[in-house]
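Notes follow the structure.
In the working numbering, the protein residues as written are 1 to 554.
The following block contains the structure:
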């Protein structure tokens, strides 16, 4: 085996066949040696397995393996002074030129998770880090894969922008649409590997156990950002909040998109209280995976994280249940999540990536003189936003042009084309891609929708009212004709009491028919006025919506 010094990095590759790499290290009793194998995080196809053996290489002591989306990290608590052997291999021994890795072997800090995994934008947020070799950390009884964890309370300065994704390493498609940043803990042995922390828009609460039962549900106030954990098997986390009828709330759980392994399910219930004060739950929705796939076969944005938009049916209390899909068989403190409950607000986030000639290829973002190059721009649309997004490029160097593009109504993709002139200066340049959209005030959108509905409701009775008028007018004309005939007959025999009586009866019939026609005309006129008023209100609501639209730039 190749000898490895502690606090060093090995760059390796799995050659063809059944290649296995062996390394030898020397440890001291009580040391906590971290073996962190970077593979997926550096775009490798390797799905690594790490195993530590005794000096003979025959008796395994501990191991860790790749799980989807997460490279293996092995903490080796050295049992005695001496030499130990580390084995690295691919899970299925596929191997090849694309199966590279970087193995960090160190005694510095490693953070497994943070609680809460979210912090409010622009704050100096208190966060508890959980890991090993944390300077000043406290040893705890909490374990992860048999490793006792340390805890360290820190204050983390959170970026002030809620539309920020500041990362150190690779960003997977599933993670690209969130607001987050990477945090590293400094130590004498160097900084820790980064851990991702979400950026929230409101004050952050931490899940308080026990909250597994409805009677112990944790009370939250909307808007809410909550950090929680599925810390044990059969862990269910219940939250309750009050809401008003007609409110539209976005309820979202972040776990996989923060780089975590939890697979949350979300259940939304209305708390119904009868006259005697007895509570029952009415299930409104169950939410699971988000199927949004912005660029098929190229940029996979499908997520295990649930999202649901609740239109509140009545004033009252509502209950959320959050649990891991595999809650009956697994649970550990690293299964963290961020629960967000907020009022619906149209918005978007943009992601840019090179347009490769064929799906699955890696293509550099570079140009020759007199060349052109395409860049896909993808839009993560939030809370039902469907409007067009104008995309422009800022900071272009001399000799490089890009006309911009528009991501059309309800579309998710656009294409930027960069072109260079023959006299463009060579070099590396950084440009900024900016998206601009008109985003409506949703209260005004709902007011306009209500006004449109009011016009439709006002127009609905009019055909029947006009039909009733049309039916009465011939009856009036007939009654008037009969009256005229009766008057003509009476004119020929003015003293005839029978003809006088007939004339009077016909006149009464005309008066009655005229009254019915007048009433029908009044109803038609009143309804036409109601329609005109409703249309005027609709126009006012439309103008208010247009005037209230905000220009949003990201």
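From the three backbone atoms N, C-alpha and C, an ideal C-beta is built for every residue, glycine too. In this text the structure is predicted, and so the values were computed from the model without any measurement.
| task | Determine the extent of the alpha helix (DSSP H) in which residue 511 is found, giving its start and end residues. | result | The count along the chain shown starts at 1 and reaches residue 511 at position 511. Taken as a continuous stretch (DSSP letters only), the alpha helix (DSSP H) holding residue 511 covers 497-548.
| field | Contact set for residue 520: own chain, Cβ-Cβ below 6 angstroms, skip 5 residues either direction | value | As a working note, residue 520 is residue 520 in the chain shown. Answer for residue 520: 468, 469, 472, listed in chain order.
| message | Here's a check: name, in chain order, each residue in its chain whose Cβ is nearer than 6 angstroms to the Cβ of residue 285, leaving out the five neighbours to either side. | response | The residue labelled residue 285 in the question sits at position 285 within the chain shown. For residue 285, where only same-chain residues beyond five positions count, the Cβ hits under 6 angstroms are 268, 308.
| query | Which runs of the beta strand (DSSP E), 3 residues or longer, sit entirely within the segment 354-398? | reply | 372-382, 389-394
| What do you get for residue 133, buried or exposed, if any count of 16 or more other CB atoms within 10 angstroms of its CB means buried? | Residue numbering aside, residue 133 sits at position 133 when the chain shown is read from its first letter. Buried, since its Cβ has 16 or more Cβ neighbours within 10 Å.
| request: Run the CB neighbour count on residue 51, radius 10 Å, all protein chains shown included, and call it buried at 16 or more, exposed below. | output: The residue you call residue 51 lines up with position 51 of the chain shown. Looking at its Cβ environment, which holds 16 or more other Cβ atoms inside 10 Å, residue 51 is buried.
| Using the beta-carbon count (16 or more within 10 Å), is residue 215 buried or exposed? | Working through the chain shown from its first residue, we reach residue 215 at position 215. Exposed: under 16 other Cβ atoms inside 10 Å.
| Just how far apart, CA to CA, sit residue 300 and residue 539? | The sequence position of residue 300 within the chain shown is 300, counting from 1. The sequence position of residue 539 within the chain shown is 539, counting from 1. If you take the alpha carbons of residue 300 and residue 539, they lie about 42 angstroms apart.
| Nearest-angstrom Cα distance between residue 84 and residue 91? | As a working note, residue 84 is residue 84 in the chain shown. As a working note, residue 91 is residue 91 in the chain shown. The alpha-carbon atoms of residue 84 and residue 91 are separated by roughly 21 angstroms.
| field | Among 525, 163, 40, 103, nearest to residue 10 - alpha-carbon criterion | value | Residue numbering aside, residue 10 sits at position 10 when the chain shown is read from its first letter. It is 103 whose Cα lies nearest to the Cα of residue 10.
| query | Cα separation between residue 400 and residue 420? | reply | To locate residue 400, count along the chain shown from 1; it is residue 400. To locate residue 420, count along the chain shown from 1; it is residue 420. If I take the Cα positions, the gap works out to 4 angstroms.
| field | 9 angstroms Cβ cutoff, residue 233 in contact with chain D | value | Looking at the structure shown, chain D is missing, and only one protein chain is on hand.
| request: Pair every Cβ in the segment 219-228 with every Cβ in the segment 176-191, then say whether three or more of these pairs are closer than 8 angstroms. | output: no
| For the segment 83-122, which segments carrying the beta strand (DSSP E) assignment without a break, of at least 3 residues, lie completely within its bounds, in sequence order? | 100-106, 110-115, 118-120
| Element boundaries [alpha helix (DSSP H), containing residue 457] | Here residue 457 is taken as the residue at index 457 of the chain shown, counted from 1. Element bounds for residue 457: 442-459.
| message | Quick check on this structure: which residue in 446, 323, 288, 433 has the alpha carbon closest to the alpha carbon of residue 609? | response | Residue 609 lies beyond the residue range present for the chain, which begins at 1 and ends at 554; the question has no answer from this structure.
| said: Does residue 291 come out as helix, strand or coil in the three-state DSSP assignment? | reply: On the chain shown, residue 291 is found 291 positions in, with the first residue counted as 1. Residue 291: coil per DSSP, three-state reduction.
| said: If we require 3 or more residues per run, which beta strand (DSSP E) segments fall completely within the segment 253-300? | reply: 264-273, 279-287
| task | Measure from the alpha carbon of residue 423 to the alpha carbon of each residue in 36, 367, 271, 266, then state which is nearest. | result | As a working note, residue 423 is residue 423 in the chain shown. Taking only the C-alpha atoms, the option nearest residue 423 is 367.
| Looking only at DSSP bridge pairs, what is residue 126 linked to? | Here the question's residue 126 lines up with position 126 in the chain shown. Residue 126 is bridged to 155.
| request: Would you check if there are 3 or more beta carbon pairs closer than 8 angstroms linking the segment 124-138 to the segment 60-69? | output: no
| Would you call the segment 432-440 and the segment 340-355 touching, i.e. three or more CB-CB distances under 8 angstroms? | yes
| said: Are the CB atoms of residue 243 and residue 320 within a distance shorter than 9 angstroms? | reply: Looking up residue 320 in the chain shown gives position 320. Looking up residue 243 in the chain shown gives position 243. Going by C-beta atoms, residue 320 is not nearer than 9 angstroms to residue 243.
| request: Give me the Cβ distance between residue 341 and residue 246, rounded to the nearest whole Å; I'm assuming they're in contact under 8 angstroms. | output: As a first step, residue 341 is located in the chain shown; it is residue number 341 there, counting from the start. As a first step, residue 246 is located in the chain shown; it is residue number 246 there, counting from the start. With a Cβ gap of about 16 angstroms, residue 341 and residue 246 do not count as contacting.
| task | Look up residue 181 in the DSSP assignment and give the residues it is bridged to. | result | Start at 1 with the first residue of the chain shown, and residue 181 comes out as number 181. 166, 197.
| For residue 157 and residue 59, the rounded distance between their alpha carbons | Locating residue 59 in the chain shown gives position 59, where the first residue counts as 1. Locating residue 157 in the chain shown gives position 157, where the first residue counts as 1. If you take the alpha carbons of residue 59 and residue 157, they lie about 45 angstroms apart.
| message | I need the straight-line Cα distance from residue 167 to residue 213, nearest angstrom please. | response | Within the chain shown, numbered from 1, the residue matching residue 167 stands at position 167. Within the chain shown, numbered from 1, the residue matching residue 213 stands at position 213. Near 37 angstroms, if we compare the C-alpha coordinates of residue 213 and residue 167.
| Can you tell me where the alpha helix (DSSP H) with residue 464 in it begins and where it stops? | Counting from one through the chain shown, the residue named residue 464 turns up at place 464. Per DSSP, residue 464 belongs to the alpha helix (DSSP H) from 462-492.
| Residues bridged to residue 401 by DSSP? | Taking the first residue of the chain shown as 1, we reach residue 401 at position 401. BP columns for residue 401 point to 419.
| request: Determine, using beta carbons only, whether residue 23 and residue 78 come nearer to each other than 9 angstroms. | output: If you number the chain shown from 1, residue 23 lands on position 23. If you number the chain shown from 1, residue 78 lands on position 78. No, they are not a contact pair.
| request: Throw me the rounded Cβ distance for the residue 584 and residue 513 pair, which I believe falls under 8 angstroms. | output: In the structure displayed, the chain extends from 1 to 554; residue 584 sits before or after that span and is not available.
| query | Does the distance from the CB of residue 218 to the CB of residue 201 come in under 9 angstroms? | reply | Position 218 of the chain shown holds residue 218. Position 201 of the chain shown holds residue 201. Taking 9 angstroms as the Cβ cut-off, residue 218 and residue 201 do not qualify as a contacting pair.
| query | Should the segment 400-417 be called in touch with the segment 371-386, which here means at least 3 C-beta pairs below 8 angstroms? | reply | yes
| task | Pull up the CB-CB distance for residue 194 and residue 182, whole angstroms please, since I reckon it's below 8 angstroms. | result | Translated into positions along the chain shown, residue 194 becomes position 194. Translated into positions along the chain shown, residue 182 becomes position 182. That pair is a contact at about 4 angstroms.
| Limits of the unbroken beta strand (DSSP E) element including residue 8 | Numbered from its first residue, the chain shown carries residue 8 at position 8. 8-13 is the span of the beta strand (DSSP E), which, as asked, contains residue 8.
| message | Whole angstroms are fine: how far does the CA of residue 478 sit from the CA of residue 506? | response | In the chain shown, counting from the first residue as 1, residue 506 sits at position 506. In the chain shown, counting from the first residue as 1, residue 478 sits at position 478. Rounded to the nearest angstrom, the two C-alpha atoms are 10 angstroms apart.
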